[in-house]
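What follows is a single structure, written as structure tokens, with notes after it.
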Amino acid sequence: MQDFILNKDRFFDPNPGVRNFAREIYQTIKDLPIISPHGHVDPQIFVDNKPFPNPTQLFITPDHYVFRMLYSKGITLESLGIPTIDGSPVETDPKKIWKLFAENFYLFNGTPSGVWLNYEFNIVFGIKQKLNGENALQVYDELQEKINTPEFLPRNLFEKFNIEVLSTTDAPWDSLEPHKKIKDSGWKGKVVPAFRPDGVTDISNPSWKQNIKKLGEVCGFEIDSYKKLIQALEERRKYFKTLGCTSTDHGVVSAYAHDLGDVEAENLFANALKGTSNQNEAEAFTAHMLMQMARMSVEDGLVMQIHAGAYRNHNKLIFEKWGPDKGADIPTTCEYTKNMQELLNRFGNNPNFTVIVFTMDETNYSRELAPLAGHYPAMKLGPSWWFHDSIEGMTRFRQQVTETAGFYNTVGFIDDTRAFVSIPARHDLARRIDSNFLASLVARHFISIEEAIVIAKDLTYNLAKQAYKL
Amino acid sequence: MQDFILNKDRFFDPNPGVRNFAREIYQTIKDLPIISPHGHVDPQIFVDNKPFPNPTQLFITPDHYVFRMLYSKGITLESLGIPTIDGSPVETDPKKIWKLFAENFYLFNGTPSGVWLNYEFNIVFGIKQKLNGENALQVYDELQEKINTPEFLPRNLFEKFNIEVLSTTDAPWDSLEPHKKIKDSGWKGKVVPAFRPDGVTDISNPSWKQNIKKLGEVCGFEIDSYKKLIQALEERRKYFKTLGCTSTDHGVVSAYAHDLGDVEAENLFANALKGTSNQNEAEAFTAHMLMQMARMSVEDGLVMQIHAGAYRNHNKLIFEKWGPDKGADIPTTCEYTKNMQELLNRFGNNPNFTVIVFTMDETNYSRELAPLAGHYPAMKLGPSWWFHDSIEGMTRFRQQVTETAGFYNTVGFIDDTRAFVSIPARHDLARRIDSNFLASLVARHFISIEEAIVIAKDLTYNLAKQAYKL
Amino acid sequence: MQDFILNKDRFFDPNPGVRNFAREIYQTIKDLPIISPHGHVDPQIFVDNKPFPNPTQLFITPDHYVFRMLYSKGITLESLGIPTIDGSPVETDPKKIWKLFAENFYLFNGTPSGVWLNYEFNIVFGIKQKLNGENALQVYDELQEKINTPEFLPRNLFEKFNIEVLSTTDAPWDSLEPHKKIKDSGWKGKVVPAFRPDGVTDISNPSWKQNIKKLGEVCGFEIDSYKKLIQALEERRKYFKTLGCTSTDHGVVSAYAHDLGDVEAENLFANALKGTSNQNEAEAFTAHMLMQMARMSVEDGLVMQIHAGAYRNHNKLIFEKWGPDKGADIPTTCEYTKNMQELLNRFGNNPNFTVIVFTMDETNYSRELAPLAGHYPAMKLGPSWWFHDSIEGMTRFRQQVTETAGFYNTVGFIDDTRAFVSIPARHDLARRIDSNFLASLVARHFISIEEAIVIAKDLTYNLAKQAYKL
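Chains as they are written, first to last, in our numbering: chain A, 1 to 470; chain B, 1001 to 1470; chain C, 2001 to 2470.
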């Protein structure tokens, strides 16, 4: 059997008139350090620096991109060993799960998950066969062997991946102990927190009261008013900054931002504490808190990120048995022109403010987001997000955004992964797609190859570093 | 004059790096049998098996895709011989109509109707000139001559087209006499019904009461309550199944599904019988009936199809004079994430249930439909529908759906035509576009040629056959 | 340093199989006269026929496409010399402004503004270097020198650009003195007005009362009722026609059209005069006036244009200091199927009526606009508008519209510019993109090269001329 080796021209336009430029551009950026300012990797793995347990727990169980596809074809989450909330039994044999995954690996043909996994197996772990039902256990054993070697310990991989900075995502009540330990350990890897206050800004969150309590505890005072909440958030932001934090992140259903005034905000907070809030109040409070978060960003310089439009936990059966982040978050339509007007009018002309906006509703790229980013100095566009962090998705983003917003109102590529070993796979794919997109401009005499090479480095490295103040 | 012959590489990427793979893939699927599980062909033509009357009545009069384009350029429906409801006079000379059509045939340049018609003329009927005003009557005579030969009788065409199964679309009160006669005739052609209850589930339909009466008659009991309606539908589904029916079809403005409970459903039914229903009640009743239809599908195994988003009979002048299906159905925005949540939560995790969803609002492909189909085991995506059953439309569908839902949460290609002789034209086009799409993945080293060939057969044949349980 | 010369194949597909056809098609249309029936050039420049003051006032200050991009990167409008409403000071040194622009010219890489500016510099003005911070003042001086020669006087450029007809955009109260003077001057250049009544049909416009007064003055009677407004508009349309006007233009937030009846219209007018109107009334009045404007078009034959969906003056800080048209108009979602039904039902089947519809919400192309234009005889599609008058934007328009509406329900290319010297740049770009689009159809054997050449001329010249009755 022939060795399975990823083609060096993969994802480039097969037309030599484009491909040759794509190769040339890609060569200049492929080895640049990785800037990863928005991720969901658990920082504890760099504290412990222990081998990952096994291939199944490395590639399948924690990655809802992977198991949701298997689930969609009728493979139960029990049989994939996804842990239940109530501890009811699921498959525990990692090899049995791996076999099931391998037999159905063809489902990932044509998907970015397939592309990333092939990169991880082939390039990160040196597996020389494409995974299938037959070679499943042989590949498993090869992977397990590698995982157990020092070369594949988390810190070594971090360095091998050439990550210049990795940001985690953290709740305001998080102690950030892992970040402190990493800092104190003497290890040079730069791992910083990001401030994500959704758990206390969304009063419809079932854990809101509990979260408020935890936040109060970490602050050392009871949060019994809106005013105290604001004080707590300001203090925690300051604390996060001491550990290298440069950004906040806001996952919201709608990008609507509106200042209610302190009196109304206090009323909504009081109702929430009493447990009498309704959905309208929750939406109003979130909209108000976006304004407050922007105001704080102007004051303390933290870069604000808004991720809008995910309908979380759409499948209640799955949510009740397995909890959130199980592949059942579904996008909905988003609106930015009207929803963000108050925020942009108040802060969007302010040179101290940066707001980076993400969407899963691609209709907004050319209609609303590019025109807004192409006008307001404070606003920049995050790259294509989540489902659209893909070959066609990234291409559509560039095609629909660039002509109106240019390249320099975007923040370049940043990944958004929970799967640590997918980071180099995702950045390599983005570098290839950006190289190819720029090559198509060069081949059509839209820009010169010299200009393309400058832009390529900006998209890969400079823009993210500057936008996130790293 | 040179013979007009369709190029063997038509619709393939002109880049040889893609085209060669497209040719290779297409060769493996071009002769596969046609699975046509959702069409609008009149089954009576296979009972009678008589020659089609003339080219005008074969290609123009019954096909609103064709005459709406002529109408849009100011050619009246009277001059095209489209029969009026009240019998007011229209052109009756088929040659005069044909001439008018031929003179304006250039309007179809760049449209799928043009592509299909050229296939039908050139490949099905062997016409060796491209139709225009000058050769109009000569082509007419050639077509008429062929039509009158046994080779072009409906059953012979059915076999020549290599149709493995053809589904019609039928109302619950239909006797399905043609289907019985076909079965009894000894002819081997497989023609099965599909169950489309819109006429009795939409209480705002002006013929609703009449339809309810007809349904009662065919069932042998009066339908004077919601409960009786449910009983009637369950009985008719059972009857349809005896004649080979495997699917239901639901044409709805909105995909909203919501269980009202029996009491409220009875109330709405009673108001409808009294003729006092309003638009809100009609929408609520339709939403409720979608839940009931899904429930029945879980029980009896019929595959549920939802076609949402057509604003029917937009042009009242045309509707009043010529009736429905005259090219004036216009798409509107659709929503699926919220509208289908109750249905998917109740039935979407059930292995006995299959729901196939179609849209004309392409914004839903990547935003809502692919993520939903990429999660819920019961949900699959129908191919690009109606206006988008075209070269660019099918390509957009694959580009926007595949990366999130993969290939295996779609049902492959199925046509949706009233024009019987267009069936091979439509399937050939789809096979070419899918071959080309897969070739573009192979040429970019996204998948291998071997994988592409497997997927091509699935998209052409296996997926539709499995999804529709044929 | 090598001369900077625009490549003769620019914007063509780099695949020779497409490019060769694109070249062939482009050759047949590149020298056709320019039809420009919808622009915003000040007609006074052809009355005065004086040299443009300097490069900064020719290319930067009047063009919000240009300075909004600079503003988005934090360059203040003051430093760009954009005049303030209250006369507060801004930069007045044109060379300093030019230098700033040149240093940031890289921001326009990948944008249509960059493409147009390069054409204007290189082809219109013969500048043989690409503008940058270093050569800024040298280029400035070269441009200034050319501007001062007779060859670059407005009338000479008009003739050099081969403009067959140029329409301006004018308010109903405009005296059209420049148009009369041009006519009387004996100069052969055809410059005609277009009738744009937004200032008196939108009662929420802060200047509405003032506009009504001006309209009354020019008509010679006081407009103190809705009936008088209708009379005034009818008279002014007649007057505009005497100066060559063939079209009206309506910039509306929503395409909603609805006849209120005379009594309700009078009430809303009365409230507006009293200053007691609310937003709902304003929307209703605009919807009513669209119906009236369509009714008048049926009667007087003026072609109706509807431009829907721009949220004007989104950035209040900019609006208050600098006024409208400063790059802060942001698109919003649009709806046409339901909103235009009443108008299309009343007038859309009338052979005397033409309505040309534009959108910035590209989701409507395939979903609503192409199906509507592919049915109603009166409705045609304007080309991709504003932000989407670009390489990718024009391509998306053709890809998403053609298969449903064909080529012949569109009006070909028309520009929409305030920047006079950008006119040939914009038409050249459109001719290249249309050539390339048609070439891609030829290369895929969708249409023949002979058919493509006919269509290319229609898209470039005939369709606009016919649709606008020029």
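Note that the Cβ used here is the ideal one computed from N, Cα and C, for glycine as well.
All values reported here derive from a predicted model rather than from experimental measurement.
Residues near residue i by beta carbon distance below 6 angstroms, same chain, minus five either side
i: Ala2467(C); result: Lys2380, Val2411
i: Tyr1239(B); result: none
i: Leu2032(C); result: Thr2460, Tyr2461
i: Asp1174(B); result: none
i: Asn135(A); result: Gln129
Residue of the options minimising C-alpha distance to residue i
i: Thr1111(B); options: Gly1189(B), Phe1011(B), Arg1155(B); result: Phe1011(B)
i: Ile1075(B); options: Leu1429(B), Lys1099(B), Lys1160(B); result: Lys1099(B)
i: Asp1249(B); options: Phe1152(B), His1040(B), Ile1005(B); result: His1040(B)
i: Asp2458(C); options: Glu1024(B), Glu1159(B), Asn1109(B), Gln1027(B); result: Asn1109(B)
i: Glu151(A); options: Asn409(A), Phe52(A), Arg367(A), Leu6(A); result: Phe52(A)
i: Pro351(A); options: Val442(A), Lys338(A), Pro377(A); result: Pro377(A)
i: Tyr140(A); options: Gln57(A), His38(A), Ile391(A), Asn271(A); result: Gln57(A)
i: Asp1003(B); options: Ile1127(B), Asn1267(B), Asp1009(B); result: Ile1127(B)
i: Pro1037(B); options: Glu1024(B), Phe1021(B), Arg1019(B), Cys1245(B); result: Cys1245(B)
i: Glu2368(C); options: Gly2393(C), His2388(C), Gln2341(C); result: Gln2341(C)
i: Pro2172(C); options: Phe2195(C), Asp2184(C), Gly2186(C); result: Phe2195(C)
Residues near residue i by beta carbon distance below 8 angstroms, same chain, minus five either side
i: His314(A); result: Ala328, Asp329, Ile330
i: Phe1965(C); result: Any property of residue 1965(C) remains undetermined from this structure, which presents chain C solely from 2001 to 2470.
i: Leu243(A); result: Leu176, His179, Lys180, Lys183, Val192, Pro193
Proximal residues of chain F, C-beta to C-beta of residue i below 8 angstroms
i: Asn1349(B); result: Any reference to chain F falls outside this structure, whose protein chains are A, B and C.
Pair within 9 angstroms by beta-carbon distance, residue i and residue j
i: Asn2049(C); j: Pro2154(C); result: yes
i: Phe1105(B); j: Lys1130(B); result: yes
i: Leu70(A); j: Leu117(A); result: no
i: Leu2485(C); j: Val2200(C); result: Nothing in the structure corresponds to residue 2485(C), since chain C is present only between 2001 and 2470.
i: Val2047(C); j: Lys2160(C); result: no
i: Val2357(C); j: Gln2399(C); result: no
i: Ala1102(B); j: Asn1132(B); result: yes
i: Thr1354(B); j: Lys1469(B); result: yes
i: Pro2178(C); j: Gln2044(C); result: yes
i: Phe2125(C); j: Leu2143(C); result: yes
i: Ala2443(C); j: Gly2017(C); result: yes
Proximal residues to residue i (C-beta, below 7 angstroms), its chain only, five neighbours per side dropped
i: Leu1343(B); result: Ala1257, Leu1290, Met1291, Ala1294
i: Asp1361(B); result: Gly1309, Pro1331, Thr1333, Cys1334
i: Gln27(A); result: none
i: Ala1373(B); result: Met1379, Lys1380, Leu1381, Ala1405, Asn1409
i: Thr61(A); result: Gly81, Ile82
### Task
Write down every uninterrupted run of the beta strand (DSSP E) in the region 122-183 of chain A whose length is 3 residues or greater and which is fully enclosed by it, in chain order.
163-167
### Task
Output, in sequence order along the chain, the residues in the region 1009-1033 of chain B whose CB is closer than 7 angstroms to any CB in chain A.
Against chain A - using a Cβ distance shorter than 7 angstroms - the residues of the region 1009-1033 of chain B are Asn1015, Gly1017, Val1018.
### Task
Quick one: which residues of the region 1403-1424 of chain B get their C-beta closer than 9 angstroms to a C-beta of chain A? List them in chain order.
Glu1403, Thr1404, Ala1405, Gly1406, Phe1407, Tyr1408, Asn1409
### Task
Could I get the ranges of all uninterrupted beta strand (DSSP E) runs contained in the region 2316-2369 of chain C, with 3 residues as the minimum, in chain order?
2355-2359
#### Entry: Proximal residues, the region 426-449 of chain A versus chain C, C-beta separation under 7 angstroms
Leu441, Ala443, Arg444, His445, Phe446, Ile447
### Task
Tell me the start and end of each unbroken alpha helix (DSSP H) in the region 206-281 of chain A that is at least 4 residues and wholly inside, in chain order.
You should have 208-219, 226-242, 262-274.
### Contact list for the region 340-364 of chain A against chain B, Cβ threshold 8 angstroms
Met360, Asp361, Glu362, Thr363
### Query
What residues in the region 366-377 of chain A have a beta carbon less than 8 angstroms from any beta carbon of chain C?
Identification of residues in the region 366-377 of chain A having a C-beta nearer than 8 angstroms to some C-beta of chain C yields Ser366, Arg367, Glu368, Ala370, Pro371, Leu372, Ala373, Gly374, His375, Tyr376, Pro377, given in sequence order.
### Task
Could you name each continuous alpha helix (DSSP H) segment of 4 residues or more that falls completely within the region 1008-1056 of chain B, going from the start of the chain to the end?
Every unbroken stretch of the alpha helix (DSSP H) spanning 4 or more residues and falling wholly within the region 1008-1056 of chain B is given here in chain order: 1016-1029, 1044-1048.
### Message
Output needed in chain order: residues of the region 2070-2095 of chain C with a Cβ under 8 angstroms from some Cβ in chain A.
### Response
Tyr2071, Ser2072, Lys2073, Gly2074
### Query
Which ranges would you report for the beta strand (DSSP E) in the region 2375-2416 of chain C if only whole runs of at least 3 residues count?
2379-2381
### Query
Going along the chain, which unbroken runs of the alpha helix (DSSP H) with 4 or more residues stay wholly within the region 1063-1088 of chain B?
Counting only runs of 4 or more, we get 1064-1072.
### Task
Could you name the residues of the region 2098-2111 of chain C whose beta carbon sits closer than 8 angstroms to any beta carbon of chain A, in the order they occur along the chain?
Tyr2106, Leu2107, Phe2108, Asn2109, Gly2110, Thr2111
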